[in-house]
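Have a look at the structure below, then the notes.
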Amino acid sequence: MLGSVLGLICTARLRTAATNGQRWWWLSLAAFALGGTGIWAMHFMAMLGFTVSGTLIRYDMMRTLISAVTAVVVVGLGIYIAGFGRTSGPRIVTGGLLTGVGVAGMHYTGMFAMNMDGIVHYDQSLVVASLVIAVVAATVALYFTVKLSRPLAIAGAAVLMGVAVCGMHYTGMAAMSVELTHPTLTVPGATASTLLVPIGMLVLLVIGGLIYAIGAAPSEEDLAARAYLDKIQAAREEATAATAAAEAAAAKKGTLRRPTAVPPRKS
246 MLGSVLGLIC
256 TARLRTAATN
266 GQRWWWLSLA
276 AFALGGTGIW
286 AMHFMAMLGF
296 TVSGTLIRYD
306 MMRTLISAVT
316 AVVVVGLGIY
326 IAGFGRTSGP
336 RIVTGGLLTG
346 VGVAGMHYTG
356 MFAMNMDGIV
366 HYDQSLVVAS
376 LVIAVVAATV
386 ALYFTVKLSR
396 PLAIAGAAVL
406 MGVAVCGMHY
416 TGMAAMSVEL
426 THPTLTVPGA
436 TASTLLVPIG
446 MLVLLVIGGL
456 IYAIGAAPSE
466 EDLAARAYLD
476 KIQAAREEAT
486 AATAAAEAAA
496 AKKGTLRRPT
506 AVPPRKS
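Under our numbering, the first residue of the sequence shown is numbered 246, with each subsequent residue one higher.
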């Protein structure tokens, strides 16, 4: 939910950005907030709590990294499709479809990163259900990102998005079953405890950086106030220049009309 709040705030700033550079900056922050923190960090934290009785679970670092990059990239693409240019229903649906499929791919890539002494099977109906949840949740999320800017609305949307992301994760995990094989006790990969601290620190750093970036950047109200003050200052300068011009014109006119002195008569 925290990642969703930060992502929605970033996309609200994206819509009010004045230059393309600012828009790309806020798009990147929104992708990291929503894709990295709100989706991938939640997904992997919950996965670290997953156990299978009778076998150790280890995590392939390369596949884990791929799943993280996938989450950030697909969310960034979805926001780009839905939020850049003129907003429309087809753009939001297209972005939601792409993002939802990408998030589901991220989820199952993360599950594929789990190594254990067993053969993994999937319930196809639950896999399809998780994919549908991902697409619907992504579409609704993108709709929120291009429409919402008020704090109360953002908070409510973040709760809904957080519940949807968790629902997709646990539906996908429920689709998984493990058929144990002969235990080897030498499962390759990193342990959950090894990954917990660096992932937790990374999430805290990202959240701290996002909060700082949001706090340091001017809000829509700040920009409106600055534009108002600039307008007042410009009006004052224009009035000052007009007064100075009028005084100069009056002085020049007075000089031209000054009467000539009459020489005195000789007695």
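C-beta atoms are modelled at their ideal positions from N, C-alpha and C, and glycine is treated no differently.
Owing to the predicted nature of the structure, the values given are computational and were not obtained by experimental measurement.
Using C-beta distances below 7 Å, list every residue in its chain close to residue i, excluding the 5 sequence neighbours before and after it, in chain order.
i, result
"leucine 253", "Phe389, Thr390, Leu393, Ile399, Ala402 and Ala403"
"leucine 272", "Leu259, Gly321, Ile324 and Tyr325"
"valine 365", "Met421 and Val423"
Taking only the alpha-carbon atoms, compute the straight-line gap between residue i and residue j and give it to the nearest angstrom.
i, j, result
"cysteine 411", "isoleucine 284", "8 Å"
"arginine 256", "glycine 299", "This sequence places threonine at residue 256; arginine is not what is there. The alpha-carbon atoms of threonine 256 and glycine 299 are separated by roughly 45 Å."
"proline 335", "leucine 387", "12 Å"
"tyrosine 304", "leucine 440", "9 Å"
"isoleucine 326", "asparagine 265", "15 Å"
"serine 249", "leucine 259", "15 Å"
"alanine 462", "isoleucine 456", "10 Å"
"leucine 405", "methionine 246", "8 Å"
"alanine 291", "aspartate 475", "50 Å"
"phenylalanine 208", "alanine 472", "Given that the chain is displayed from residue 246 to residue 512, the structure contains no residue 208 and the question cannot be resolved."
"valine 348", "serine 312", "9 Å"
"tyrosine 353", "valine 442", "23 Å"
Residues in its own chain within less than 6 Å of residue i by CB, not counting five upstream and five downstream?
i, result
"glycine 445", "none"
"threonine 309", "Ala358"
"alanine 437", "Leu293"
"phenylalanine 337", "Checking the sequence, you will find isoleucine at residue 337 rather than phenylalanine. Only Ala327, Leu387 and Tyr388 meet the Cβ criterion."
"glycine 340", "Gly323, Ile326, Ala327 and Leu387"
Just to confirm my understanding: we take residue i, look at its own chain, exclude 5 residues before and 5 after, and list those with CB closer than 8 Å. What are they?
i, result
"valine 432", "Thr300, Leu301, Ile302, Arg303, Asn360, Met361 and Asp362"
"glycine 330", "Arg336"
"arginine 268", "Leu259, Ala262 and Phe329"
What did DSSP end up calling residue i once you bin it into helix, strand or coil?
i, result
"phenylalanine 446", "According to the sequence as given, residue 446 is methionine; it is not phenylalanine. Reduced to three states, the DSSP call for methionine 446 is helix."
"alanine 435", "strand"
"methionine 413", "helix"
"methionine 246", "coil"
"leucine 430", "coil"
Quick check: the segment 366-375 against the segment 406-422, are there 3 or more CB pairs under 8 Å? yes
Continuous beta strand (DSSP E) assignments of at least 3 residues falling wholly in the segment 317-403: Those beta strand (DSSP E) runs which fall completely within the segment 317-403 and span 3+ residues are 359-361 and 363-367.
Cβ contact (3+ pairs, closer than 8 Å) linking the segment 292-308 and the segment 274-284: Judged by pairs of C-beta atoms under 8 Å, the segment 292-308 does not touch the segment 274-284, as fewer than three such pairs exist.
Enumerated in chain order, which unbroken segments of the alpha helix (DSSP H) with a length of 4 residues or greater are wholly contained in the segment 273-311? Inside the segment 273-311, DSSP marks whole alpha helix (DSSP H) runs of 4 or more residues at positions 287-293, from first to last along the chain.
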